[in-house]
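The structure appears below as structure tokens.
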Amino acid sequence: MPTPGSTTARGYGYQHQRARVRALAALVPGTPCPRCGQPMYRDQPLDLDHTDDRTGYRGLAHRSCNRRAGALKSNRRRPRRVFVSRW
Numbered sequence: 002m003p004t005p006g007s008t009t010a011r012g013y014g015y016q017h018q019r020a021r022v023r024a025l026a027a028l029v030p031g032t033p034c035p036r037c038g039q040p041m042y043r044d045q046p047l048d049l050d051h052t053d054d055r056t057g058y059r060g061l062a063h064r065s066c067n068r069r070a071g072a073l074k075s076n077r078r079r080p081r082r083v084f085v086s087r088w
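Heads up: the sequence shown at position 5 corresponds to 6 in this note's numbering, and the numbers run straight through without jumps.
Shown next as structure tokens:
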């Protein structure tokens with residue numbers, strides 16, 4: 002059983018890591034990032050971007066672009082603070 006918080010528990014286990022290696026090997030240098038449109042190269046930090054329900058992969062994306070998108074999605078789920086003025 003994977004430990005809570007491990008890569009396997011979060012859905013990024015062996016199969017995901019193998020798929021990322023295959024995607025990196027198939028990367029054509031200069032392919033645009035699907036999130037920002039800037040070129041991607043093998044020497045850059047790249048993540049294998051998955052669909053929101055984690056049933057498939059969208060392809061590679063810059064690590065910063067992929068994680069920013071994940072943070073935005075996560076933040077949208079949080080309850081909003083209600084500001085109450087003292088006036």
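Beta carbons: idealized from backbone N, C-alpha and C, even for Gly.
Note that the coordinates shown come from a computational prediction; the quantities given were computed from them, not determined experimentally.
query	result
Would you decide whether D54 is buried or exposed? Buried here means 16 or more other CB atoms lie within 10 Å of its CB.	exposed
When burial is assigned at 16 or more other CB atoms within 10 Å of the CB, is D50 buried or exposed?	buried
Pull the bridge partners of A62 from the DSSP assignment, please.	D48
Output the boundary residues of the alpha helix (DSSP H) element that contains A27.	15-27
Under the assumption that L25 contacts R11 (Cβ atoms under 8 angstroms), give the Cβ distance between them as a whole number of angstroms.	Contact doesn't hold; Cβ gap of about 20 angstroms is too wide.
I'd like the list of long-range same chain contacts for G60, defined as Cβ closer than 8 angstroms, with 5 residues on each side in sequence excluded.	A24, P35, L49, D50
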